[in-house]
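Protein chains: 2
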Amino acid sequence: MSPDTKTRIIEATVATIKSEGITGTSARAIARHGDFNQALIFYHFGSIEELLRATMEHTSSARIELYRSRLEGVETLADLAAVAGDLHKEDREQGNMTLLTQLMAGAANDEVRAAHLMTTFEPWIGFVRETLDRLIATTPFGGMFDMDDIAFSISALFVGVELMSDLDPERSRDTVYDTMQLLAGAFQAVIGEPGQDTASRERQEIPVE
Amino acid sequence: MSPDTKTRIIEATVATIKSEGITGTSARAIARHGDFNQALIFYHFGSIEELLRATMEHTSSARIELYRSRLEGVETLADLAAVAGDLHKEDREQGNMTLLTQLMAGAANDEVRAAHLMTTFEPWIGFVRETLDRLIATTPFGGMFDMDDIAFSISALFVGVELMSDLDPERSRDTVYDTMQLLAGAFQAVIGEPGQDTASRERQEIPVE
DNA sequence: GTCTATAGTCGGATAGAC
DNA sequence: GTCTATCCGACTATAGAC
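Line by line, the protein sequences are chains R and U. Numbering that gives the first Met the number 0 numbers the first residue of the first sequence as 0 and each following residue consecutively. Numbering that gives the first Met the number 0 numbers the first residue of the second sequence as 0 and each following residue consecutively.
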């Protein structure tokens, strides 16, 4: 019945952060959520610190694969905005974004934790970058902007929207993604779709990496 | 020598959140930072909760006026990005953005605190909106997008960039704002500058509210 | 591997001297 | 208005029974 105990503890940790926030996440609170004894945490992880690190890795690696599989077929900026909006909505409903922002805030004044969290987040940014490369970098506009900065900014935008939405849950943020989709479509119209001629650019192959 | 005691306590609270994070902010830690007795907090504010609320208001109202005075002269999107980048850089260096994100994260699972923080943040979003109104809403593009959503997204972008920058302080984020400035300039070129004719829009008065 | 019990620290908050 | 002293609950972590 009980799967791996370490996994059970990590899942209880996730549930605790989602419902109590990082400031309310203690060994006792986690044990209450998972219905096991508090001392188990220290037997399996040694410290709360180590448990939080393990929790970061567990949740991050689980999500990145889903994102990758869903976004690899995307071919226009409007599609990107639409799929990203859908994924983000799922994550919101499951509390995954709250989990992330709470872990981030809790790591801000702790260098070791921050470095660890950034490492788990890096593939995410790199992956937004890859998607952008497919859609923009092959156009003449690709050379105009630093794609790393844009990928970083887009990732930050999602994080920021979530953090602020958590503060104001009554105002639905679905329209924000609709608006972003409109904007992306307008932008796409200006730069032209990949694989389709426009007045201002030459036809190019889209590199498959 | 000592100004208002309440102010001293609030300033010690700000210093504590900046250096210890929201999870490390306790009555005792605040008292250490401000070099006064812990009991003073409860005499003047009644509870930590109330002190945090007062701190939110204090810091928010102080900054919004500065932002307003600096941004009211802005007339193009590129200028907007430039001035916003400068202001944001100042805030970063003073730790004000860390303060904000930490307060946000700490308020996420506390409805009363969240509502309070959102209230102090609302003028900020409204004010980004006013700036956008001056720059975009008077063009034909104004009708295409929900300006509230865009103002919300821009505010969220800054918050998100900061939260992520806090995790990765070594990678300088100055280039992010340079890139945003470039993007804004390109966008401006497409929609045309306010007060200047373009092929696709009629001349309009910019309403002064 | 999981539990109870407990040590030791730190938290919010109050009473009361000055 | 500011301090000392203190209550009491919650915390991390460990020792040791089972």
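Don't be surprised by glycine CBs; every beta carbon is placed ideally from N, CA and C.
Checklist line | is_contact[Ser-59 (chain U), chain R] using C-beta, thresh 8 Å | finding: no
Checklist line | Beta-carbon neighbours of Val-175 (chain U), restricted to chain R and to distances below 7 Å | finding: Asp-148, Phe-151 and Ser-152
Check: In chain R, what lies closer than 7 Å to Leu-182 (chain U) by C-beta?
Finding: Phe-144
Margin query: Let me see if you follow: with CB-CB separation under 8 Å, is Val-73 (chain R) close to chain U or not?
Written below: no
Next item on the list: Pair every Cβ in the segment 81-92 of chain U with every Cβ in the segment 46-60 of chain U, then say whether three or more of these pairs are closer than 8 Å.
Entry: no
Check: Straight-line CA distance for Pro-168 (chain U) to Ile-47 (chain U)?
Finding: 30 Å
Next item on the list: Mind listing the chain R neighbours of Glu-19 (chain U)? Cutoff is C-beta to C-beta under 9 Å, in chain order.
Entry: Asn-108
Check: Shortest alpha-carbon distance to Trp-123 (chain R) belongs to which of R:Tyr-176, R:Ile-29 and R:Ala-155?
Finding: R:Ala-155
Note to self: Short of 7 Å in beta carbon distance, which residues of its chain neighbour Arg-69 (chain U), apart from the five on each side in sequence? Order them along the chain.
What the structure shows: Val-82 and Leu-86
Next item on the list: Please list the residues of the segment 90-120 of chain R that have a C-beta atom closer than 7 Å to any C-beta atom in chain U, keeping them in chain order.
Entry: Thr-97, Thr-100, Gln-101, Met-103, Ala-104, Gly-105, Ala-106, Ala-107, Asn-108, Ala-113, Leu-116 and Met-117
Notebook entry, point to check: In chain order, which alpha helix (DSSP H) runs of at least 4 residues are fully inside the segment 81-135 of chain U?
Noted result: 95-106 and 110-131
Check: Looking at the C-beta of Ala-198 (chain R), does it have a partner C-beta in chain U at a distance below 8 Å?
Finding: A caution first: Ala-198 (chain R) carries a pLDDT of 44, below 50, which makes its placement in the model unreliable, though a value can still be read off. Closer than 8 Å: no.
Next item on the list: Can you give me the start and stop residues for the alpha helix (DSSP H) that Glu-48 (chain U) sits inside?
Entry: 47-70
Margin query: Distance cutoff 8 Å, beta carbons only. Does Gly-125 (chain U) sit that close to anything in chain R?
Written below: no
Next item on the list: Measure the CB-CB distance between Ile-16 (chain U) and His-57 (chain U) and report whether it falls below 8 Å.
Entry: no
Next item on the list: Compare the Cα-Cα distances from Asp-147 (chain R) to each of U:Tyr-66, U:Met-179 and U:Asp-78 and report the closest residue.
Entry: U:Met-179
Notebook entry, point to check: With burial defined as no fewer than 16 other Cβ atoms inside 10 Å of the residue's Cβ, what is the status of Arg-128 (chain R): buried or exposed?
Noted result: buried
Note to self: Measuring straight from C-alpha to C-alpha, what distance separates Met-0 (chain R) and Glu-64 (chain R)?
What the structure shows: At Met-0 (chain R), the pLDDT of 44 sits below 50, so the modelled position is not reliable; the number obtained from the coordinates is stated separately. Answer to the nearest angstrom: the Cα atoms are 27 Å apart.
Next item on the list: Would you mind stating whether Leu-39 (chain U) and Ala-113 (chain R) have Cβ atoms separated by less than 8 Å?
Entry: no
Next item on the list: Could you name the residues of chain R that Gly-191 (chain U) contacts, counting a contact when the two beta carbons are closer than 8 Å?
Entry: Near Gly-191 (chain U) there are no residues of chain R at all, since even the closest Cβ is about 13 Å away, more than 8 Å.
Next item on the list: Grab the span of the alpha helix (DSSP H) containing Val-160 (chain U) for me, first residue to last.
Entry: 146-166
Check: In whole angstroms, what separates the C-alpha of Val-73 (chain R) from that of Thr-130 (chain R)?
Finding: 8 Å
Checklist line | C-alpha distance - Leu-99 (chain U) paired with Val-175 (chain U), whole-angstrom precision | finding: 20 Å
Notebook entry, point to check: What residue range is occupied by the uninterrupted alpha helix (DSSP H) comprising Ile-21 (chain U)?
Noted result: Premise fails: Ile-21 (chain U) is in no alpha helix (DSSP H) and is neither H nor E.
Next item on the list: Drop a sphere of 10 angstroms on the beta-carbon of Asn-95 (chain U), count the other beta-carbons inside from all chains shown, and report buried for 16 or more, exposed for fewer.
Entry: buried
Next item on the list: Could you please give the first and the last residue of the uninterrupted alpha helix (DSSP H) stretch that includes Ser-138 (chain R)?
Entry: Sequence check: residue 138 (chain R) is Thr here, not Ser. Note, Thr-138 (chain R): premise wrong, no alpha helix (DSSP H); not H, not E.
Notebook entry, point to check: What is the DSSP secondary structure of Phe-41 (chain R), reduced to helix, strand or coil?
Noted result: helix
Note to self: Against chain U, does Ala-77 (chain R) count as a neighbour if the rule is that its beta carbon must be under 8 Å from one of theirs?
What the structure shows: no
Check: Of all the CB atoms in chain R, is at least one closer than 8 Å to the CB of Ala-80 (chain U)?
Finding: no
Next item on the list: Determine the closest residue to Glu-49 (chain U) out of U:Ala-26, U:Leu-76, U:Thr-138 and U:Phe-120, with distance taken between C-alpha atoms.
Entry: U:Ala-26
Check: Between Thr-138 (chain R) and Gly-191 (chain R), which are expected to be in contact by the criterion C-beta below 8 Å, what is the C-beta distance as a whole number of angstroms?
Finding: 6 Å
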